[in-house]
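Notes to accompany the following structure.
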């Protein structure tokens, strides 16, 4: 079975490689044609996310879906906050039907081709061990939000190795309050074992991302950061636990 798993995973990765080879130059053309009148890079970013959706579609081992609140105005900027279970979260969350820029580790944006595509899409690089990088990333977040594009932040900072979510960091909530923008919580469940730990083998997985009710920050001050952070974390935790029960029933 292990040899079969590796063979199937190899075929899936081969398709993804071919897709990226085709997608990257097409995306470059879209970038050149649209950025002059689309400074938020909404169009080219949306095209990039569709690559992840396509990868899910051709992967027979993944059954991913999104549910919950539907955003009526995709150009209203939200600070989107989600829990983090695995690398597969990126694929799952790309299925949400509006564009978001991602705050991602600098190592990810350093990957050849993939990193170039993320930069064209307007995603934001951060080195969490560097105060200067964190400050620059925060300015990048504010820039995207000012251009009416939502930003996706995983405030755990890294994926949890257990069923317990890691502490949430303040940055996303502080930014939302400072800019008077709503926080949009998203609960993710089912992706933890979608990829075998320490390998590139795809496992069978059924996963779901559930969009929760947005939380308005109008009238809040920086003194409310901690309460907002813990409120969002608890809402996500409850929804995630409900999703896990539904997915395994």
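Numbering (my numbering), first residue to last: 1090 to 1338. From the three backbone atoms N, C-alpha and C, an ideal C-beta is built for every residue, glycine too.
Open item on the list: Our contact map puts residue 1175 next to residue 1248 with C-beta atoms below 8 angstroms; I'd like the distance itself, whole angstroms only.
Closed with: 6 angstroms
- [ ] Select from 1220, 1226 and 1147 the residue whose C-alpha is nearest the C-alpha of residue 1214.
- [x] 1226
- [ ] Give a yes or no on whether the C-beta atoms belonging to residue 1202 and residue 1113 are separated by under 8 angstroms.
- [x] yes
Task: Beta-carbon proximity of residue 1238 to residue 1131, cut-off 8 angstroms - done: yes
Task: Whole-angstrom distance between residue 1335 and residue 1323, CA atom to CA atom - done: 18 angstroms
Open item on the list: Taking only three categories from DSSP, how would you classify residue 1195?
Closed with: helix
TODO: Keeping to the same chain, check which residues put their C-beta closer than 7 angstroms to that of residue 1278; ignore five residues upstream and five downstream.
DONE: 1296, 1297, 1329, 1332, 1333 and 1336
Open item on the list: Classify residue 1266: buried if its beta carbon has 16 or more other beta carbons within 10 angstroms, exposed otherwise.
Closed with: buried
TODO: Can you have a look at residue 1093 and say buried or exposed, based on whether 16 or more other CB atoms are within 10 angstroms of its CB?
DONE: exposed
TODO: Output the distance between the C-alpha atoms of residue 1074 and residue 1304, rounded to the nearest integer angstrom.
DONE: Outside the shown range of the chain, which is 1090 to 1338, sits residue 1074, and nothing can be said about it.
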